[in-house]
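Trainee: First residue of the sequence shown? That's 1 in my numbering, and the numbers climb one at a time after it.
Glycine included, C-beta positions come from ideal geometry on N, C-alpha and C.
All figures in this text were calculated on a predicted structure; none of them were measured in a lab.
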Amino acid sequence: MGAFAEGLDTAIRRGLTRAVQFTAPAGDYDRFMGRYAPTLAAALADEAGVTSTMRVLDVGCGPGGLTRELAARVGAENVAAIDPAPHFVAACRERNPGADVREGVAEALPWADGAFDAALSSLVIGFMRDPDAGVGEMARVTRRGGTVAACMWDTAAGGMTMLRIFWTAVRSVDPRVEGERRMAGTAEGDIAERFERAGLEDVVGGELTARAEYADFDDFWEPFTFAVGPAGHYLSSLSDERRAGIREACRVALPDGAFALDARAWCARGTVAV
Ligand SMILES: C[S@@+](CC[C@H](N)C(=O)[O-])C[C@H]1O[C@@H](n2cnc3c(N)ncnc32)[C@H](O)[C@@H]1O
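And the structure:
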C-alpha cells in the first residue's frame with residue numbers, strides 16, 4: 001500500500017475523513033448506496049413503528065431516501081431532516097417538498113427537547129464524530145415515551161454483500177487494509193449498547209434486510225469509481241493498476257448478467273424514559 005493510501009486507510013478507521021466522504025453529487029450516491037434505500041428505509045420505519053399521526057426526524061438524511069419513506073407515512077409537513085453536506089440538504093429538500101430539512105450534525109440538533117415522536121438515523125452512526133453524543137441528541141429531541149431507532153450496515157461480519165465483495169477484493173490485493181469493519185455501529189449489538197448508555201429504555205437490537213438489483217457487473221462497479229463513502233474514497237486514492245486488480249477480483253466474485261444482492265444492517269430501537 002502506498003503512503004497516501006495507507007494514511008487514508010488509517011484515517012477511515014479513525015473517522016477523520018468523514019467530511020470528504022460525501023462530497024459526490026446526490027445522483028452518484030443514489031447509484032452507489034441509494035439503490036438500497038427503498039427496502040432499508042421501509043424496514044427501519046417499520047422497526048421504529050412510524051405511523052401516520054407522528055412527527056418524525058431523519059438524522060443524517062443524505063439525499064433523502066429515508067426522508068421520503070417517512071414523508072409517505074406521516075406527510076412531509078410532519079418530517080424534519082438534517083445532514084452536514086449542503087448538496088445533500090439541497091437534494092433532500094427538493095425531493096421532499098414541505099419537509100423541514102436543515103444543515104447540521106447529529107451531535108448538535110437544532111430542535112427543542114421532545115419535539116418529535118420518533119428520531120431515526122440510517123447508516124450514519126459510523127460517520128458521526130461522536131456517535132454517543134449523536135444518540136444522546138436524538139433522545140433529547142424525542143418526547144418522553146417516543147422512539148429512537150438507528151441502523152448501520154453489517155460490515156464487521158460481512159452481511160452487507162456489496163461492501164463485503166469490495167473489501168474482500170481489496171484485501172486480496174493488500175491484506176492489511178481495514179476498510180469499514182471497525183466503524184461504530186457495524187458490529188452486532190453495538191448500536192443497542194450505545195442506546196443503553198444514552199439511557200434509552202426497552203432497548204431492542206436486531207437486524208434489517210435490504211436488497212438492490214444490478215443490471216450487470218458494470219452497474220455494480222461504476223458507482224465505486226464515484227468516490228462515494230469510505231469504499232469509493234479509498235478506491236480513488238489508488239493507482240490505476242491497483243484499481244484494475246480490485247475490479248477484476250470483484251468481477252470474478254459476481255455472476256454474469258443481471259443479479260441482486262442482499263444487505264444486512266444491524267439496528268436498534270429504544271424508548272425515551274417517561
Ligand atoms: C451513508 S450516508 C447515509 C445517508 C442516508 N441516511 C441513507 O440512508 O442513505 C451517511 C450520511 O451521514 C452524514 N453525516 C456525516 N457525519 C454526520 C454527523 N455528524 N451528523 C449527521 N450526519 C452526518 C453524511 O453527510 C451522509 O449524508
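DSSP puts A292 in a beta bridge; with which residues?
Mentor: With the chain covering only 1 through 274, there is no way to say anything about residue 292.
Trainee: Let me check understanding here. Comparing Cα to Cα, which of R31, D46, G104, Q21 lies closest to T209?
Mentor: The shortest Cα separation from T209 among R31, D46, G104, Q21 belongs to D46.
Trainee: Distance, Cα to Cα, E180 vs P230?
Mentor: Rounded to whole angstroms, E180 to P230 spans 7 angstroms at the Cα level.
Trainee: Quick one, which of R243, A227, E77 has its alpha-carbon nearest R31's?
Mentor: Of the candidates R243, A227, E77, the one whose C-alpha sits nearest the C-alpha of R31 is A227.
Trainee: Output the residue ranges of the beta strand (DSSP E) runs that lie fully inside the segment 70-100 and measure 3 residues or longer, sorted by chain position.
Mentor: Listed in chain order, the complete beta strand (DSSP E) runs (minimum 3 residues) inside the segment 70-100 are 79-83.
Trainee: For W167, collect the residues of the same chain with a Cβ closer than 6 angstroms to its Cβ; drop the 5 residues on either side in sequence, then sort them by chain order.
Mentor: Only G179 meet the Cβ criterion.
Trainee: Distance check for L238 and A5, CA to CA, integer angstroms please.
Mentor: A caution first: A5 carries a pLDDT of 45, below 50, which makes its placement in the model unreliable, though a value can still be read off. C-alpha separation (whole angstroms): 7 angstroms.
Trainee: If you follow the alpha helix (DSSP H) that E241 is part of, which residue opens it and which one closes it?
Mentor: Start and end: 240-253.
Trainee: Below 8 angstroms on the Cβ atoms is my contact criterion, and I expect C151 with L44 to pass it. Report the Cβ-Cβ distance as a whole number of Å.
Mentor: That pair is a contact at about 5 angstroms.
Trainee: Would you say A91 and P63 are within 7 angstroms of each other, going by their C-beta atoms?
Mentor: Closer than 7 angstroms, so yes.
Trainee: Assess, as a yes-or-no matter, whether the segment 246-261 is touched by the segment 183-196 under the definition of 3 or more beta carbon pairs within less than 8 angstroms.
Mentor: Cβ pair count under 8 angstroms is below three, so no.
Trainee: Considering only DSSP beta bridges, list what D262 is partnered with.
Mentor: Paired residues: R211.
Trainee: Going by DSSP in three states, R102 sits in which element: helix, strand or coil?
Mentor: DSSP places R102 in strand when its eight states are reduced to three.
Trainee: Mark A273 as exposed unless 16 or more other C-beta atoms lie within 10 angstroms of its C-beta, in which case mark it buried.
Mentor: With fewer than 16 other Cβ atoms within 10 Å, it is exposed.
Trainee: Write down every uninterrupted run of the alpha helix (DSSP H) in the segment 164-220 whose length is 4 residues or greater and which is fully enclosed by it, in chain order.
Mentor: As far as the segment 164-220 is concerned, its whole alpha helix (DSSP H) runs of at least 4 residues are 190-197.
Trainee: Three-state secondary structure (DSSP) at M128?
Mentor: Reduced to three states, the DSSP call for M128 is coil.
Trainee: Could you pull the start and end residues of the alpha helix (DSSP H) that L44 belongs to?
Mentor: Its alpha helix (DSSP H) spans residues 37-47.
Trainee: Less than 6 angstroms between the CB of V105 and some heavy atom of ligand 1, yes or no?
Mentor: At least one heavy atom of ligand 1 is nearer than 6 angstroms to the Cβ of V105, so yes.
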